[in-house]
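Here the structure comes first, spelled out in structure tokens, and everything after it is commentary.
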Amino acid sequence: MKRLLIALFVLALIMPGVVAPSDDAGTGNGQGNDDSGATDSGNGHNGIDDNGANNDSGNGDNIVIAPNRNQIKAGNTEELKNMIQTRNQEMEEESTQETITGGVKNQNQVRLAVHAFLAMEDLVGGIGPQVSEVAREFDNSVQKTIQSEQKIQARDMFSRFFFGGDEVAAAEIEEELNMNQNRIQKLQQLKEQCTCSEELKNMYQEHLQNLEQEQTRLRELAQAEKLNKGLFGWLWK
Numbered sequence: 126m127k128r129l130l131i132a133l134f135v136l137a138l139i140m141p142g143v144v145a146p147s148d149d150a151g152t153g154n155g156q157g158n159d160d161s162g163a164t165d166s167g168n169g170h171n172g173i174d175d176n177g178a179n180n181d182s183g184n185g186d187n188i189v190i191a192p193n194r195n196q197i198k199a200g201n202t203e204e205l206k207n208m209i210q211t212r213n214q215e216m217e218e219e220s221t222q223e224t225i226t227g228g229v230k231n232q233n234q235v236r237l238a239v240h241a242f243l244a245m246e247d248l249v250g251g252i253g254p255q256v257s258e259v260a261r262e263f264d265n266s267v268q269k270t271i272q273s274e275q276k277i278q279a280r281d282m283f284s285r286f287f288f289g290g291d292e293v294a295a296a297e298i299e300e301e302l303n304m305n306q307n308r309i310q311k312l313q314q315l316k317e318q319c320t321c322s323e324e325l326k327n328m329y330q331e332h333l334q335n336l337e338q339e340q341t342r343l344r345e346l347a348q349a350e351k352l353n354k355g356l357f358g359w360l361w362k
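In my numbering, the protein residues as written are 126 to 362.
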């Protein structure tokens with residue numbers, strides 16, 4: 126009870142300066158809506174248009190990268206290399222755009238691995254369709270983990286200082302990681318069944334390792350976010 130009273134007292138001291146109203150608070154927002162149009166005012170974030178392109182609301186927050194669609198399959202190993210290199214260059218160019226957030230850039234290796242696994246379907250023999258199926262599951266997963274990472278990055282300093290990290294977003298990431306661990310194991314098992322060349326096996330293993338490394342990074346991110354309790358976090362322990 127004493128802790129709660131202390132917390133409420135501290136909060137009462139600082140809140141007037143934080144929530145003090147501004148004389149222009151109402152007029153600025155209204156003008157912004159008139160200029161930009163009704164369609165983008167409420168939920169412009171997290172959008173993907175009909176062509177699968179990024180739908181940007183103007184400030185770069187919560188950009189969603191469209192999943193791989195109509196993936197072209199490589200006819201030989203050399204073509205596969207070229208396709209992977211081209212896709213990697215495209216993502217590097219995307220990363221220079223102001224509207225692309227850190228959450229997207231951080232997970233580029235997963236996106237590239239998905240592209241590679243889908244492209245090599247016809248080169249790995251009978252396991253090809255299964256490899257592609259797991260890759261598509263990863264593709265769906267990366268859309269979710271990107272959005273969760275963006276939520277963590279966008280958490281304002283006030284909320285983070287007083288109430289800690291975004292535990293909901295961290296839990297969302299951990300949920301995906303648990304499913305991705307099974308997917309990685311499936312890809313590893315499929316690799317053992319591959320009758321393809323050593324060169325192709327090495328490429329397969331390289332992208333599999335990239336998936337594993339990204340899962341490690343995301344797990345550390347989620348754990349750190351959950352450990353950040355903020356000034357008042359002890360009240361809910």
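Glycine is no exception: its CB is placed at the ideal position from the N, C-alpha and C atoms.
In whole angstroms, what is the alpha-carbon distance linking V341 and A347?
-> The residue you call residue 341 lines up with position 216 of the sequence shown. The residue you call residue 347 lines up with position 222 of the sequence shown. It is Thr, not Val, that sits at residue 341 in the sequence shown. Roughly 10 angstroms between the two C-alpha positions.
Which residue spans inside the stretch 195 to 257 form an unbroken beta strand (DSSP E) run of at least 3?
-> none
In terms of alpha-carbon separation, which member of K206, Q196, G200, K198 lies closest to N327?
-> As a position in the sequence shown, residue 327 is number 202, starting the count at 1. The shortest C-alpha separation from N327 is found at K206.
Measuring alpha carbon to alpha carbon, tell me which of E337, Q278, E292, L315 ends up nearest N303.
-> Against the sequence shown, residue 303 aligns to sequence position 178. Of E337, Q278, E292, L315, the residue nearest in Cα terms is E337.
Cα separation between E317 and E204?
-> To locate residue 317, count along the sequence shown from 1; it is residue 192. To locate residue 204, count along the sequence shown from 1; it is residue 79. In a straight line, the C-alpha of E317 is about 23 angstroms away from that of E204.
Give the secondary structure of T320 by DSSP, where H, G and I count as helix, E and B as strand, and everything else as coil.
-> Reading the sequence shown from its first residue, position 195 is the one you call residue 320. Coil at T320, not helix or strand.
CA-CA distance, E262 and V239?
-> Here residue 262 refers to the residue found at position 137 of the sequence shown. Here residue 239 refers to the residue found at position 114 of the sequence shown. Whole-angstrom Cα-Cα distance: 9 angstroms.
Excluding the five sequence neighbours on either side, which residues of its own chain have a C-beta within less than 8 angstroms of the C-beta of D247, listed in chain order?
-> Position 122 of the sequence shown holds residue 247. Closer than 8 angstroms at the Cβ level, and outside the excluded window around D247, lie K198, A199, G200, G253.
What does a CB cutoff of less than 6 angstroms around A241 pick up in its chain, not counting 5 residues either side in sequence?
-> Working through the sequence shown from its first residue, we reach residue 241 at position 116. The residues are I209, H332.
Should E299 and S266 be called a contact, given that it needs their Cβ atoms to be closer than 8 angstroms?
-> What you label residue 299 is simply residue 174 of the sequence shown in a count that begins at 1. What you label residue 266 is simply residue 141 of the sequence shown in a count that begins at 1. Taking 8 angstroms as the Cβ cut-off, E299 and S266 do not qualify as a contacting pair.
Starting from the C-beta of N305, find all residues in its chain whose C-beta is less than 8 angstroms away, skip the five residues before and the five after it, and write them out in chain order.
-> The residue given as residue 305 occupies position 180 in the sequence shown. Once the five neighbours on either side are set aside, the close Cβ partners of N305 are F263, S266, L336, Q340.
Out of K269, L243, I271, N231, point me to the one whose CA is closest to E258's CA.
-> One-based indexing of the sequence shown puts residue 258 at position 133. E258 has its Cα closest to that of L243, out of K269, L243, I271, N231.
Would you tell me roughly how many angstroms separate the C-alpha atoms of K311 and G290, rounded to the nearest one?
-> Taking the sequence shown and counting its residues from 1, the one referred to as residue 311 is at position 186. Taking the sequence shown and counting its residues from 1, the one referred to as residue 290 is at position 165. Computed Cα separation, rounded: 33 angstroms.
Taking just the CA atoms, how far does Q334 sit from A260?
-> Against the sequence shown, residue 260 aligns to sequence position 135. Against the sequence shown, residue 334 aligns to sequence position 209. About 14 angstroms.
Nearest-angstrom Cα distance between F357 and F283?
-> Here the question's residue 357 lines up with position 232 in the sequence shown. Here the question's residue 283 lines up with position 158 in the sequence shown. Those two C-alpha atoms are separated by around 12 angstroms.
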